């Protein structure tokens with residue numbers, strides 16, 4: 157299919173004052189594509205095949221961010237290269253489309269696109285979906301509306317400017333109405349819109365900014381929502397994999413005779429990662445897996461345990477630098493953070509069908525293009541990845557784990573070996589013990605004090621095992637920042653993201669990248685989950701040393717008015733300083749990141765056997781909250797993550813093996829540990845769109861640690877505080 | 017292989033399966049009922065929670081032989097034609113994030129409200145702490161349970 161593109165429509169200053177390009181894609185009904193207009197599409201854009209299912213090379217194709225399809229039944233379909241994992245982006249996108257199109261929210265569907273090189277950015281992470289896509293979505297929907305209005309004006313032979321839109325209809329002053337569905341074909345042939353194709357001013361919003369329930373809520377509560385292993389791909393056989401006891405251990409020898417003779421077993425396949433067993437159902441596959449006789453070789457980390465890892469990290473910190481001139485006192489803090497497993501509720505799962513020189517995989521992928529490349533490489537098609545179709549499926553949580561797609565590679569290999577489609581499931585043990593982990597870390601913070609309690613400097617050196625970043629991070633940061641970053645290293649990402657928001661004089665933060673052969677991945681807030689947390693804990697220590705109140709000290713040193721505003725808000729709403737019984741105290745912390753600012757106030761009771769969080773008060777400035785309910789949900793969930801990992805959840809390494817195997821010993825918070833309310837107050841300083849997915853983690857963790865320090869008299873420095881679990 | 021007959025979501029089903037096959041796989045693979053999720057397979061996460069003769073249970077830990085002649089209800093059979101008040105409350109409070117654990121959470125909550133129509137916070141803690149939500153929706157689950165309790169009370173009926 158060679159679609160013809162109409163001339164580019166000059167669009168629109170976005171709210172963030174960047175330019176977006178929109179254009180009509182030839183199709184039976186109106187289809188509008190959009191992209192962030194860093195440059196204009198090349199002349200060969202006319203050859204682009206936006207809606208085609210596959211094609212060869214990509215040199216003469218127009219890359220785009222998303223497209224919106226107006227169907228003749230009046231429904232609107234937004235197709236975007238992002239994956240819903242629980243963060244609510246499908247609802248947020250539907251709200252933006254409904255707003256700009258003046259149609260009902262219930263008329264809008266949002267779909268995740270298959271992996272395709274023409275998607276400019278196909279990665280779900282870095283709290284970027286709404287920040288990055290809101291502009292192109294608004295531009296595309298506003299353009300579509302303008303063409304629908306123009307089509308109606310031509311049909312009725314009236315002035316387009318006299319028409320209005322509401323509830324999915326164009327309305328004439330004389331009361332005539334036409335639904336978008338019946339205009340969708342004509343609108344596809346409108347050459348030039350005769351009304352403004354510019355998005356609305358936010359002050360005119362009636363949908364965006366309103367607390368709105370999830371568009372998929374009914375599907376979820378009825379069990380109708382489909383995750384990967386719920387899909388019905390004909391002929392699939394279930395597969396599980398026997399895995400080594402140590403991380404990245406190897407198969408030395410194996411005997412599958414007993415397993416192959418078990419009921420229902422379809423086949424046994426050796427993989428680089430273990431031995432796969434396929435059977436008629438998962439019960440049989442699991443039983444046969446247990447009957448395999450395998451001798452395992454040790455993995456590359458088999459000489460390492462928690463203690464030796466901590467020693468390596470501490471050793472990497474090195475000597476203290478010279479203090480600034482006039483330093484009269486140097487405060488030192490040391491912090492240790494553990495490895496963390498993402499542990500999404502849905503374990504790694506994939507359906508794969510490899511037939512001849514084509515493969516198709518279905519999985520919850522945060523980076524589908526990466527999955528495509530990896531599967532293609534595993535099948536010997538590194539130079540022709542387009543042979544692999546990747547269908548991103550709704551995921552049961554991601555949190556950074558689903559940037560990595562070993563499960564798809566395994567499933568594709570087994571499908572090819574067996575010559576039939578397979579559904580491969582990691583058990584919970586597999587998921588806990590063979591993941592990619594938020595790395596452990598060790599931190600040294602030095603605060604330099606001068607005469608009269610002045611703060612002359614702040615030096616933070618963090619020793620962190622190298623974080624494996626997905627390739628898509630470079631594309632995304634390039635698009636967001638406008639600076640070309642082809643590859644993102646730990647050092648670069650650290651430098652881009654780690655900031656101290658206070659007037660602390662001479663501030664330096666350094667990363668010591670430590671090579672440890674344990675697989676890693678980014679985790680909610682990436683380096684800030686350690687560096688930012690440690691900073692905010694040590695600021696309380698600084699306040700104690702100076703005899704100052706933690707809120708007052710922060711207020712006096714913060715550079716950002718947004719941070720001061722959210723801090724003041726939690727101090728007010730959380731009644732900072734109110735009288736509390738012995739053993740109960742409040743803690744605060746703040747963070748500014750991804751165009752958003754947040755403060756947490758947490759009250760904790762340390763009089764029992766384990767600390768009990770009594771109250772969490774959050775104030776956040778995410779600019780324009782597209783769906784306040786969704787922002788609140790993200791911040792509440794991140795607070796639960798922070799409480800879990802500060803108090804009780806951490807991964808331990810014993811001779812290269814992960815100790816924790818399920819939620820029985822990886823002590824994520826349960827209902828009984830969670831306070832009855834987690835208050836969220838939204839402060840709106842402007843209409844920029846800030847990130848919300850990761851924002852709520854770091855200052856929640858630090859505020860909890862600060863509350864424990866103030867209640868118990870001891871600053872926590874090693875996490876999780878209850879090493880044995882809650 | 018033995019054949020087991022039981023009532024599933026109001027209808028009679030019979031399946032041929034080994035006696036020790038966990039009901040979770042019978043439901044998901046032999047009967048195509050995918051609302052109950054695999055989260056751990058060892059009864060510690062609650063993602064598969066369903067009802068056996070009206071009581072919450074874990075299909076991942078229940079051999080199929082033990083449900084012969086009994087009534088199994090999964091999330092798909094909870095509301096009958098419409099939505100159960102607990103499902104309605106889940107929507108009203110916008111509980112779900114990734115949603116994977118929510119069928120199990122809802123089935124656990126229905127069980128709680130049948131036994132205890134007006135649960136206190138401590139009752140909710142006790143009944144719901146065996147169901148993990150990795151997205152951290154506990155605050156909204158609690159609100160939804162309280163909302164459903166009010167609805168059920170004003171309807172004057174049980175769950």
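Protein chains in written order, with my numbering: chain A, 157 to 882; chain B, 17 to 175.
Think of the CB as a built atom: it goes at the ideal place given N, C-alpha and C, for glycine as much as any other residue.
All figures in this text were calculated on a predicted structure; none of them were measured in a lab.
Check	Outcome
Three-pair Cβ contact test at 8 Å for the segment 679 to 690 of chain A versus the segment 575 to 590 of chain A	no
Anticipated Cβ contact below 8 Å, residue 191 of chain A with residue 276 of chain A, distance rounded	6 Å
Where residue 764 of chain A sits in the DSSP three-state scheme	coil
Residue-level contact to chain A via CB, residue 77 of chain B, 7 Å cutoff	no
Nearest to residue 832 of chain A (by Cα), restricted to the options A:328, A:320, A:464, A:769	A:769
Residue 752 of chain A - partner residues in DSSP beta bridges	A:749
Pair within 7 Å by beta-carbon distance, residue 269 of chain A and residue 237 of chain A	yes
Short CB-CB distance (under 7 Å) between residue 113 of chain B and chain A	yes
Residue 316 of chain A vs residue 334 of chain A beta-carbon contact at 7 Å	no
CB contact check: residue 266 of chain A to chain B, cutoff 7 Å	no
Inter-residue spacing [alpha-carbon to alpha-carbon] between residue 394 of chain A and residue 440 of chain A	9 Å
Proximity of residue 877 of chain A and residue 757 of chain A at Cβ, strictly below 7 Å	no
Beta-carbon proximity of residue 817 of chain A to residue 458 of chain A, cut-off 7 Å	no
contact_flag[the segment 381 to 401 of chain A, the segment 791 to 808 of chain A] where n(CB pairs < 8 Å) is 3 or more	no
Other residues of its chain near residue 452 of chain A: CB distance less than 8 Å, five sequence neighbours each side excluded	400, 401, 402, 405, 406, 407, 408
Residue ranges of each beta strand (DSSP E) within the segment 446 to 502 of chain A, 3 or longer	449 to 453, 485 to 493
Near-chain B residues of the segment 395 to 417 of chain A - C-beta to any C-beta below 7 Å	none
Residue 614 of chain A - containing beta strand (DSSP E), residue span	611 to 621
Bridge partner(s) assigned by DSSP for residue 426 of chain A	A:431
Through-space distance from residue 110 of chain B to residue 154 of chain B, alpha-carbon basis	12 Å
Proximity test, Cβ basis, 7 Å: residue 161 of chain B and chain A	no
Cβ contact (3+ pairs, closer than 8 Å) linking the segment 524 to 544 of chain A and the segment 562 to 576 of chain A	yes
Contacts around residue 110 of chain A, its chain only, beta-carbon distance under 6 Å, and the 5 residues preceding and following it disregarded	Nothing can be reported for residue 110 of chain A: it is not among the residues displayed for chain A, which extend from 157 to 882.
Test: residue 166 of chain B CB closer than 7 Å to a CB of chain A	no
Validate contact between the segment 370 to 381 of chain A and the segment 93 to 106 of chain B using beta carbons, cut 8 Å, 3 pairs	yes
Proximal residues of chain B, C-beta to C-beta of residue 864 of chain A below 8 Å	Within chain B, no residue comes near residue 864 of chain A; the closest Cβ sits about 20 Å away, beyond 8 Å.
Contact with chain B by residue 377 of chain A, beta-carbon distance below 7 Å	yes
Meets three-Cβ-pair contact criterion under 8 Å: the segment 855 to 869 of chain A and the segment 481 to 489 of chain A	no
Closest by C-alpha distance to residue 26 of chain B, when choosing among B:112, B:126, B:69	B:69
For residue 810 of chain A, the nearest candidate out of A:460, A:397, A:283, A:514 (CA to CA)	A:460
Proximal residues of chain A, C-beta to C-beta of residue 45 of chain B below 9 Å	394, 436, 437, 438, 439
Contact list for the segment 535 to 558 of chain A against chain B, Cβ threshold 7 Å	551, 552, 553
Cβ shell of residue 220 of chain A (< 6 Å), same chain only, five flanking positions each side left out	189, 191
Inter-residue Cα distance where the pair is residue 120 of chain B and residue 143 of chain B	12 Å
Rounded Cβ spacing between residue 619 of chain A and residue 598 of chain A (contact assumed at less than 8 Å)	5 Å
Cβ-based contacts, 9 Å cut-off: residues of the segment 822 to 840 of chain A near chain B	824, 825, 826, 827, 828, 829, 830, 831, 832, 833, 834
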